[in-house]
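A.B. asks:
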Amino acid sequence: MRKRKICLLMMMLLALVFSLNGCKKVYTKKDMIEYAEQTLEDKYGEEFQVRGDVFNVRGTAFLVNVSPVNNPDIIFEAGYNVAGSEASHDLYIEALVASQYKGLVEAHLENISSDYYLRVEISWDKRENPITNTDITIEEFNNLTDKKYQNPHYTLYFSRDILQQSDTYIYNILVSIIETEEPENPSLSVFILREEDLELVKTELSERYELDGSTMSYLYAEYTGKVADKERGHVLFIGGTVQEEKLSYEEFEEKMEEIREDAKRK
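Letter by letter, the sequence shown follows residues 2 to 267 in our numbering.
(1) Evaluate MET217 with the Cβ neighbour count: other Cβ atoms within 10 Å of its Cβ, from every protein chain shown; 16 or more gives buried, anything less gives exposed.
(2) What separation, rounded to the nearest whole angstrom, lies between the Cα atoms of TYR210 and ILE76?
(3) At which residues does the beta strand (DSSP E) containing ASP54 begin and terminate?
(4) Quick check on the burial criterion: 16 or more other C-beta atoms within 10 angstroms. Buried or exposed for GLU232?
(5) Quick check: the Cα distance between GLU251 and VAL176, rounded to an integer number of angstroms?
(6) If we ignore side chains and look at the alpha-carbon of each, how far apart do ARG266 and LYS149 end up?
(7) Put TYR210 into one of helix, strand or coil per three-state DSSP.
(8) Check for me: the alpha helix (DSSP H) holding ALA79 runs from which residue to which?
(9) My parser needs the beta strand (DSSP E) runs of 3 or more residues fully inside the stretch 127-204; what are they?
(10) How long is the line joining the alpha carbons of LEU1 and LEU199, rounded to whole angstroms?
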């Protein structure tokens, strides 16, 4: 008799658990998009629009690419939990500062004969007091931010047409980029791509904050020379612990010689 009571009690507890689970709200992707847009509007006092779909969904947590409605050229990443968790982030201020660096650098690139795309990224600083001033300047941002989060990360994607120019011409372009506003520790990575791959990059970055992971894996497999029978087309000019100082002209020439040789064989 006692065993029957215990079994009955267990069955009742299981039924209660299943009924409670059944009452949990199911959030749709539309809910997530609306939550992100409203959260950003509440924070910055302007309208935002999610670009594309939500991604990296883990339960009720998710990521989105977003733009301010009045400035769709700015694209940044935001992450939230639609169930109301405090774990969240957005890179709007960083994207605004990065766009200022991009504008300064592109003034040096106006006369480049080759097609290219320049991406500029500022690392996210998880500040206790969030910055909400969307008119912030580079100088103001640096005054509010730890040094390790101030430096721009440049990635310059060239069409292979750039190989028609001399090494000196290309080297001077790269030096002019890292000396813009003279950030203390900039990084600059260069890809020299086939036309179709440059178009892939430009298309993705017209809708996303950063390239899709599969695209990045593809580019590194195709152009870093680490995969057999693939051409070289990548140069880490300066950045991090791998290349703390900019490449000397002689070092740059050596890398460009390999890239040019590979390009001739393709």
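Glycine included, every Cβ here is placed at the ideal spot set by N, Cα and C.
C.D. replies: Result, derived from the coordinates:
(1) So MET217 ends up on the exposed side.
(2) 5 Å
(3) 49-59
(4) Label assigned to GLU232: buried.
(5) 14 Å
(6) 41 Å
(7) coil
(8) Unbroken run through ALA79 is the beta strand (DSSP E), 77-82; no alpha helix (DSSP H).
(9) 153-160 and 188-194
(10) Coverage of the chain is limited to positions 2 through 267, which leaves residue 1 absent and any answer about it impossible.
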